[in-house]
Structure formats: structure tokens, C-alpha cells
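Here the structure comes first, spelled out in C-alpha cells, and everything after it is commentary.
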Amino acid sequence: MIDKVKEIVTGTSIYKVTPKGDLSWYIKWVSSIFVLSGMLFTSLDIYPWNLWGHLFGVFGWFIVGMLWHDRALIVLNSIAVFLFITGLFKYYEIWYYIN
250 MIDKVKEIVT GTSIYKVTPK GDLSWYIKWV SSIFVLSGML FTSLDIYPWN
300 LWGHLFGVFG WFIVGMLWHD RALIVLNSIA VFLFITGLFK YYEIWYYIN
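If you count the sequence shown from 1, you need to add 249 to reach our numbering.
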């Protein structure tokens with residue numbers, strides 16, 4: 250029992266469970282860079298590039314959620330994709346052409 254506690258405390262019992270080197274690994278890192286660029290553009294008030302960065306990022310994370318069968322990632326990012334597309338429609342005044 251003492252050895253198991255030592256193992257937990259020292260961190261040697263922590264193993265990664267996310268895949269490395271497969272398609273989802275590349276998509277999640279590229280998507281993370283897009284989300285971070287969207288955050289940067291938002292903080293610098295660079296509009297609509299912030300929406301595009303976020304859109305590509307959350308769409309990539311949606312794909313990762315599908316590959317991992319992770320419902321939380323799927324729900325969160327599918328809603329985010331919808332919201333960012335709505336923002337882009339508003340920015341480019343596409344609503345006027347639809348109505």
C-alpha cells in the first residue's frame with residue numbers, strides 16, 4: 250500500500266490516455282493554434298478574423314470529438330461552430346440575402 254501511495258504522489262502512475270501521432274493528434278494541435286489565434290485577434294479587435302480563427306479551431310475540435318467518441322467535445326464544439334457561423338453571417342450581412 251505504501252508503494253502505491255508513493256507511486257501516486259511522485260506522479261509515476263500517471264499515463265496519457267489520448268493518442269499521439271495519429272490523425273486526431275495533428276487535428277487537435279492545429280485546431281488549438283486556430284483557437285489561440287482567434288483569441289489573439291479578439292484581444293486585438295481584429296474583426297472578423299477572430300471569428301474565422303475560432304470557427305476553424307472549434308470545427309477541428311468537433312472532428313476530434315467525433316474521432317474520440319467524446320460527447321462533451323461534440324456538443325460544445327458543434328454549438329460553437331453554429332455560433333461563429335451566425336456571427337460571420339451577421340458580419341457579412343448574409344441574413345439580408347436569406348430573408
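Don't be surprised by glycine CBs; every beta carbon is placed ideally from N, CA and C.
Practice problem: Name the residue from Trp317, Trp344, Tyr340 whose alpha carbon lies nearest to the alpha carbon of Asn299. | Solution: Selected option, being the one with the closest Cα: Tyr340.
Quiz item: For His303, which three-state DSSP category applies?
Solution: DSSP places His303 in helix when its eight states are reduced to three.
Quiz prompt | Stretch-stretch touch, CB-based, cutoff 8 Å, three pairs: the region 306-320 with the region 275-284 | solution = Using a C-beta cut-off of 8 Å, the region 306-320 makes contact with the region 275-284, since at least three inter-stretch Cβ pairs fall below that distance.
Self-check item: Beta-carbon proximity check, Phe333 vs Leu293, cutoff 9 Å
Solution: It is not a contact, given that the beta carbons lie outside the stated cut-off.
Quiz item: Between which two residues does the alpha helix (DSSP H) containing Tyr275 stretch?
Solution: 272-292 is the span of the alpha helix (DSSP H), which, as asked, contains Tyr275.
Quiz prompt | Distance between Leu272 and His318 (C-alpha atoms, nearest Å) | solution = Each residue's Cα considered, the two are about 14 Å apart.
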